[in-house]
Amino acid sequence: MKIDYNFAFFDEGSKREIRRATLKAVAIPGYQVSFASREMPIARGWGTGGLQLTLSLTGTEDVLKVIDQGSDESVNAVNIKKLVKKTTGVLNTDDTNKATLIQSRHRIPEKSLKDKQILVLQVPIPEPLRLVEPSEYKTKRLHAENEYSGAWLMLFEQIMKYGNMSTGADHPVKVYDRYVMAPSPIPRFDNPKMDYSKALILLGAGREKKIYAVPPYTKVKSLAFEDYPFEVESFEDKECRLCKATGVFMDELIDEDTKETYYQCNDTSYCLDRLNNRN
Amino acid sequence: MGYVAIKGGTKAIEESIKRLKYERLKEKKIVNVDDIKGSMRGLIDQVMSESSLCSRELASIAIKQAEGNMEEAVFLLRAYRSTLPRKHYTKVLDTDNMLVERRISASFKDIPGGQILGASYDYTHRLIDFDLTDESLEDAIKWVDDYENEKIKDDDTDLKKLPKVVDYLREEGLIKTYEDNNKEPIDVTKKSIEFPTERSERLQILTRGQTGAITSLGYAALRAYGALHPTVGELRIGSLPIYIDNPLDQSSKEEDSFYIGDIKITEVESFIPKEIEKEKGRKEIEFDIGYGICYGQNETKAIAMSILDNCLETGNKKYPTHDEEFVLLHIDSVESTGFISHLKLPHYVTFQSKLDSARKTKKGEKDNEDRL
Amino acid sequence: MESFEKPILKVNNLRKQFGNGCKKCEDMSEDVLDKNYCPECGTVYACQDVSFEVYNGEILGVVGESGSGKSTMMQCLYFDKEVTKGDAYISNYKDGKSNIFKESSQQKRYIRNNVLGKVYQNPILGLKMDFSAIGNIAEKLIASGNRKVDEMERRGNELLEHVNIPLFRSKEEPKNFSGGMQQRVQIAKALSNNPPILLLDEVTTGLDLSVQANVLDLIKKIQRELGISMIVVSHDLAVIRMLADRTIVMLNGKIIEKGLTDQILEDPQKPYTQQLVHSLL
Numbered sequence: 089m090k091i092d093y094n095f096a097f098f099d100e101g102s103k104r105e106i107r108r109a110t111l112k113a114v115a116i117p118g119y120q121v122s123f124a125s126r127e128m129p130i131a132r133g134w135g136t137g138g139l140q141l142t143l144s145l146t147g148t149e150d151v152l153k154v155i156d157q158g159s160d161e162s163v164n165a166v167n168i169k170k171l172v173k174k175t176t177g178v179l180n181t182d183d184t185n186k187a188t189l190i191q192s193r194h195r196i197p198e199k200s201l202k203d204k205q206i207l208v209l210q211v212p213i214p215e216p217l218r219l220v221e222p223s224e225y226k227t228k229r230l231h232a233e234n235e236y237s238g239a240w241l242m243l244f245e246q247i248m249k250y251g252n253m254s255t256g257a258d259h260p261v262k263v264y265d266r267y268v269m270a271p272s273p274i275p276r277f278d279n280p281k282m283d284y285s286k287a288l289i290l291l292g293a294g295r296e297k298k299i300y301a302v303p304p305y306t307k308v309k310s311l312a313f314e315d316y317p318f319e320v321e322s323f324e325d326k327e328c329r330l331c332k333a334t335g336v337f338m339d340e341l342i343d344e345d346t347k348e349t350y351y352q353c354n355d356t357s358y359c360l361d362r363l364n365n366r367n
Numbered sequence: 010m011g012y013v014a015i016k017g018g019t020k021a022i023e024e025s026i027k028r029l030k031y032e033r034l035k036e037k038k039i040v041n042v043d044d045i046k047g048s049m050r051g052l053i054d055q056v057m058s059e060s061s062l063c064s065r066e067l068a069s070i071a072i073k074q075a076e077g078n079m080e081e082a083v084f085l086l087r088a089y090r091s092t093l094p095r096k097h098y099t100k101v102l103d104t105d106n107m108l109v110e111r112r113i114s115a116s117f118k119d120i121p122g123g124q125i126l127g128a129s130y131d132y133t134h135r136l137i138d139f140d141l142t143d144e145s146l147e148d149a150i151k152w153v154d155d156y157e158n159e160k161i162k163d164d165d166t167d168l169k170k171l172p173k174v175v176d177y178l179r180e181e182g183l184i185k186t187y188e189d190n191n192k193e194p195i196d197v198t199k200k201s202i203e204f205p206t207e208r209s210e211r212l213q214i215l216t217r218g219q220t221g222a223i224t225s226l227g228y229a230a231l232r233a234y235g236a237l238h239p240t241v242g243e244l245r246i247g248s249l250p251i252y253i254d255n256p257l258d259q260s261s262k263e264e265d266s267f268y269i270g271d272i273k274i275t276e277v278e279s280f281i282p283k284e285i286e287k288e289k290g291r292k293e294i295e296f297d298i299g300y301g302i303c304y305g306q307n308e309t310k311a312i313a314m315s316i317l318d319n320c321l322e323t324g325n326k327k328y329p330t331h332d333e334e335f336v337l338l339h340i341d342s343v344e345s346t347g348f349i350s351h352l353k354l355p356h357y358v359t360f361q362s363k364l365d366s367a368r369k370t371k372k373g374e375k376d377n378e379d380r381l
Numbered sequence: 068m069e070s071f072e073k074p075i076l077k078v079n080n081l082r083k084q085f086g087n088g089c090k091k092c093e094d095m096s097e098d099v100l101d102k103n104y105c106p107e108c109g110t111v112y113a114c115q116d117v118s119f120e121v122y123n124g125e126i127l128g129v130v131g132e133s134g135s136g137k138s139t140m141m142q143c144l145y146f147d148k149e150v151t152k153g154d155a156y157i158s159n160y161k162d163g164k165s166n167i168f169k170e171s172s173q174q175k176r177y178i179r180n181n182v183l184g185k186v187y188q189n190p191i192l193g194l195k196m197d198f199s200a201i202g203n204i205a206e207k208l209i210a211s212g213n214r215k216v217d218e219m220e221r222r223g224n225e226l227l228e229h230v231n232i233p234l235f236r237s238k239e240e241p242k243n244f245s246g247g248m249q250q251r252v253q254i255a256k257a258l259s260n261n262p263p264i265l266l267l268d269e270v271t272t273g274l275d276l277s278v279q280a281n282v283l284d285l286i287k288k289i290q291r292e293l294g295i296s297m298i299v300v301s302h303d304l305a306v307i308r309m310l311a312d313r314t315i316v317m318l319n320g321k322i323i324e325k326g327l328t329d330q331i332l333e334d335p336q337k338p339y340t341q342q343l344v345h346s347l348l
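Chains as they are written, first to last, in my numbering: chain L, 89 to 367; chain S, 10 to 381; chain A, 68 to 348.
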């Protein structure tokens, strides 16, 4: 029994179905569109939502960049790149500028994205209200009724208990003044990059079977109270140990010998680029 | 000096995959796909059932590739299934026409057509058979030949026309006779489910469910968290012929349909007593049916499925086993194992972000103290 | 009582049935009206075309045994259950011109948040037990559009103080509170958006006598200070006597008697009411 896989793994019917869901998602910014998420050759929870989007979008001319938690070389990123390359033969790149399609887990690249680029984000829990309302039946209705008190209440509770909003990653945003959306677990640092992004941002949740989108040049606002503004992670007066960059999202690392804390760009391709072009 | 590598993932992965292959082969033994197909019936049936793909051939390859690891084999087949265009739906199957190999009822001793034990572990002692360590192929072949030559006393039972036990209760009016629901079932692999679900969706998800998960939840419903007391009305195992409509002729006439093969299935109909309120105070007891079906011989799973089917029909808010979101969203092997295993992925960024928040809360506390 | 001219809430023919009904019962013939279920098909009529009014600033008592339909009626008014038929108008909502039962679920949510407040017998239904007491109050404020934390915190503390919850406990979760405290938090929550009408469903049932007295005093105080209209449902005539200006008596899903509370207690007309009043004495 010898079988060859189709271009981009899926049969054409499956690809069309995913594209239809994607178009609907683009037409209704921030709205979670259900789709018949397929099982993929990588595990559910490892980026199958993003991968399905990527495969349905990849054409022979595309140049693909895949990052995982900021790194092009993380094992999962490599794995996804390998699979797409194996089933499509498209070019891979680490260079944010050269990519037409960027699949990412939990980061938006430091270098600003351009027109006609597509950023695909992998999403574990697409429902911003899930923590206050476990039932999908109910959350679907809350979205329909534009009823987001639950999301706000969560933030209010955090302020009461901890003195500030302690959302960590995945801080909810409001898209185009209508749908409240989980931006996927990108750090708060990356939330502002979604606002009026030149690139199309697609978000795919494979296990939860949802696709949603932020079309280019769309307003994306992080939820925050009038007297408790939204704050990104602070890396004030920190600089990258390698490329000396400041004002970027950094990994916090510990020097094994001196036990000292130091910082390094989380976006590895950004860091390498700076290192290579340093005079 | 400590240094975090920002390159090197590709190489590391290649080595890991090589090491995996080494683990599979290091004893310098291989098992032929045909051997798996010929001797791992239980494993193949479970893998086919959970992956929702009926092919003993493919299941055997997957089992070999996964070194017998269930979740991995199911995963392989599901991923493969994603690549297959779905061109036809079969015509409705009627399990009345099953060629029965095994059929028992726990409700009636004397069912029309009789109890047929067939092949089952139920009547074996679970003693390890050490003779199997040096079983020879010649002996095995001889045993099979002898067995097949044994004179089996023929009675008149037509194994293709065994009446259903449930019909007996229907005649007495103890089970409601429903009209056939010929509504096109929703295909859960083409459209993701929305709540509340239809029964066709529930049955599909249950039959694809992970055997262990279905069994555990069915057990929970039976033991304490479900308030029901089923009796297996009928469990039957056998093969069913599959037909599709003539793809060139839309008239879908019976005689034009194409026979495409047989599948072996386990089917269970459980009887579950239910109180019917007639008028204030007066109640009657009728029976509900819980339905379970799956590929191959998977008796425990099919029975557990029949319990859960009834739980989800009843939908008593008191029990998690009656909550369709709780049950249906958590029993799929690929989904649950995938999300659990994703915890192994690096979470450096998310953790860094949480760390930042945690520090701010500490700072907030300090500010408060300072103010006091 | 000249201020009782225009009702703040008017309910007409509220019906709530469980079951589909049949030919025999759907026209509400005498057989059905007598009991609250249909002997033919078993359909239960928990509320059989109940009509009444609540006037500005008054407390309306609803009394009856369990199963009389009084709690179902309250659930229908707060949209916890959907009515089978009937209509209701609130003068503070769209000038009393819109049947609130026919509103969209979005509008119903608005009414629950801004026009009505409800206190449940079981605090689990009225409170989010895993959120702080103040968070519970903020939930209603947030739902009506407030986005200022400090303002909501101030309002929350003011309300909690009003219902005698010590401020140092405001950030605790109500699941750690005593039954009486939970009821007081529910009352604070119900009051958060200054609703013109408060629905109180058996709010003191199951509490110790001294705690009961405490909660009842609080309700009286609120009514006196805020002049808010209330419907108080109770099976306990003592509660009704203490709180209600007017009272309706329910039996088998129907209102069998209504009038000033004193009148009903001193001079009950219907045999059932007489029995009820005598059992109290």
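Ideal Cβ placement from N, Cα and C applies to all residues, glycine included.
Return the chain-ordered list of same chain residues with a C-beta closer than 7 Å to the C-beta of S/Ile-272, the five sequence neighbours on each side being excluded.
Around S/Ile-272: Cys-63, Ser-248, Leu-249, Ile-251, Tyr-304.
So is A/Gly-202 in contact with chain L if we call contact Cβ pairs under 7 Å?
Taking Cβ atoms only, chain L reaches closer than 7 Å to A/Gly-202, which makes this a yes.
Which residues in the same chain as L/Lys-326 place their Cβ atom closer than 8 Å to its Cβ, once the five residues preceding and following it in sequence are excluded?
Result list for L/Lys-326: Thr-334, Met-338, Tyr-351, in chain order.
Under 7 Å, Cβ to Cβ, is there at least one residue of chain L near S/Tyr-300?
Cβ-Cβ to chain L under 7 Å: no for S/Tyr-300.
Between which two residues does the beta strand (DSSP E) carrying A/Lys-325 extend?
Element bounds for A/Lys-325: 321 to 327.
Rounded to whole angstroms, what is the Cα-Cα separation between A/Lys-175 and A/Leu-265?
The straight-line gap from Cα to Cα measures roughly 15 Å.
For L/Pro-275, which residues in chain S fall below 9 Å Cβ to Cβ?
Per Cβ cutoff of 9 Å: Val-358, Thr-359, Gln-361, Ser-362, Asp-365.
Answer yes if the region 262 to 269 of chain L comes into contact with the region 110 to 120 of chain L, meaning at least three C-beta pairs across the two stretches below 8 Å, and no otherwise.
In short, these stretches touch, since the Cβ pair count reaches three.
Could you check if S/Phe-139 is buried or exposed, using at least 16 other CB atoms within 10 Å of its CB as the buried criterion?
The residue in question, S/Phe-139, is exposed, as its Cβ has fewer than 16 Cβ neighbours within 10 Å.
Suppose you measure from the CA of L/Asn-367 to the CA of L/Ala-293; what does that come to, to the nearest Å?
Low confidence applies here, because L/Asn-367 scores a pLDDT of 48, under 50, leaving its location unreliable; read the following figure in that light. Cα-Cα distance, rounded: 42 Å.
According to DSSP, is L/Asp-343 helix, strand or coil?
It is coil, neither helix nor strand.
So which of S/Glu-59, S/Val-40, S/Ala-68 has the shortest CA-CA distance to S/Ile-53?
Closest by alpha carbon: S/Ala-68.
List, in order along the chain, the chain L residues whose C-beta lies closer than 7 Å to that of A/Val-216?
Neighbours of A/Val-216 on chain L, chain order: Phe-244, Ile-247, Phe-313, Asp-315, Tyr-316.
Pull up the distance between the alpha-carbon of S/Met-10 and that of S/Ser-342, whole angstroms please.
For S/Met-10, the predicted model reports a pLDDT of 32, less than 50, meaning its position is unreliable; a value from the coordinates is still stated below. Whole-angstrom Cα-Cα distance: 44 Å.
Given L/Ile-247, which residues of its chain have a CB within under 8 Å of its CB, disregarding the five upstream and five downstream residues?
The residues are Met-253, Phe-313, Tyr-316.
Could you list which residues in chain L have their beta carbon closer than 8 Å to that of S/Pro-205, in chain order?
Residues of chain L passing the Cβ test: Tyr-225.
A/Leu-258: which of A/Lys-207, A/Cys-108, A/Ser-158 sits nearest, CA to CA?
Nearest of A/Lys-207, A/Cys-108, A/Ser-158 to A/Leu-258, Cα basis: A/Lys-207.
Starting from L/Asp-156, follow the beta strand (DSSP E) in both directions and report where the run begins and ends.
Start and end: 151 to 156.
Alpha carbons only, please: which of S/Thr-133, S/Thr-19, S/Ala-222, S/Gly-77 is nearest the one belonging to S/Ile-340?
Taking only the C-alpha atoms, the option nearest S/Ile-340 is S/Ala-222.
Run through the DSSP bridge pairs and tell me what L/Pro-212 is partnered with.
BP columns for L/Pro-212 are empty, so no partner.
Could you tell me if S/Arg-232 is buried or exposed, where buried requires 16 or more neighbouring beta carbons within 10 angstroms of its beta carbon?
Looking at its Cβ environment, which holds fewer than 16 other Cβ atoms inside 10 Å, S/Arg-232 is exposed.
Among L/Arg-362, L/Gly-256, L/Asp-355, L/Leu-360, whose alpha-carbon lies nearest the alpha-carbon of L/Ser-310?
It is L/Gly-256 whose Cα lies nearest to the Cα of L/Ser-310.
Is there a C-beta anywhere in chain L that falls below 7 Å from the one on A/Lys-238?
Yes, its Cβ sits closer than 7 Å to a Cβ of chain L.
Which residues mark the beginning and the end of the alpha helix (DSSP H) in which S/Ile-120 is found?
Element bounds for S/Ile-120: n/a, residue is neither H nor E.
Return no unless some Cβ of chain L is closer than 7 Å to the Cβ of S/Lys-273.
By this cut-off, S/Lys-273 is not an interface position.
Since A/Lys-83 and A/Cys-114 are thought to touch, with beta carbons under 8 Å apart, how far apart are those beta carbons, to the nearest angstrom?
Indeed, because the Cβ distance is near 4 Å, the residues count as touching under 8 Å.
Leaving out five residues before and five after A/Val-117 in sequence, what residues of the same chain have Cβ atoms less than 8 Å from its Cβ?
Contacts found: Val-78, Asn-80, Leu-81, Arg-82, Gly-136, Met-140, Gly-153, Met-317, Gly-320, Lys-321, Ile-322.
Taking S/Ala-88 as the query, report the chain L residues whose CB atoms sit under 9 Å from its CB, ordered along the chain.
Simply Phe-97, Arg-126, Glu-127, Met-128, Pro-129, Ile-130.
Leaving out five residues on either side along the sequence, give the residues of the same chain with a beta carbon under 7 Å from the beta carbon of L/Gly-162.
A small fix is needed here, since residue 162 of chain L is Ser in this sequence, not Gly. Here the set comprises Asp-156.
Take every Cβ of the region 245 to 253 of chain A, pair it with every Cβ of the region 272 to 287 of chain A, and state whether three or more of those distances are shorter than 8 Å.
Touching, yes.
Could one say the Cβ of L/Lys-297 lies closer than 7 Å to chain S's Cβ atoms, at least one of them?
Yes - at least one Cβ of chain S is within 7 Å of the one on L/Lys-297.
Taking Cβ-Cβ distances shorter than 7 Å, what residues in chain C pair up with L/Trp-240?
The structure shown contains no chain C; its protein chains are L, S and A.
If you measure from the beta carbon of A/Ala-205 to each beta carbon in chain L, is any gap under 7 Å?
Taking Cβ atoms only, chain L reaches closer than 7 Å to A/Ala-205, which makes this a yes.
Among the residues of its own chain, which have a CB less than 6 Å from the CB of S/Ile-15, if the five just before and after it don't count?
Confidence in S/Ile-15 is poor, its pLDDT being 49 and thus under 50, which makes the residue's placement unreliable; the coordinate value appears in the next sentence. Answer for S/Ile-15: no residue qualifies.
Is the beta carbon of S/Val-336 less than 7 Å from the beta carbon of S/Ser-279?
For S/Val-336 and S/Ser-279, no; Cβs fall outside 7 Å.
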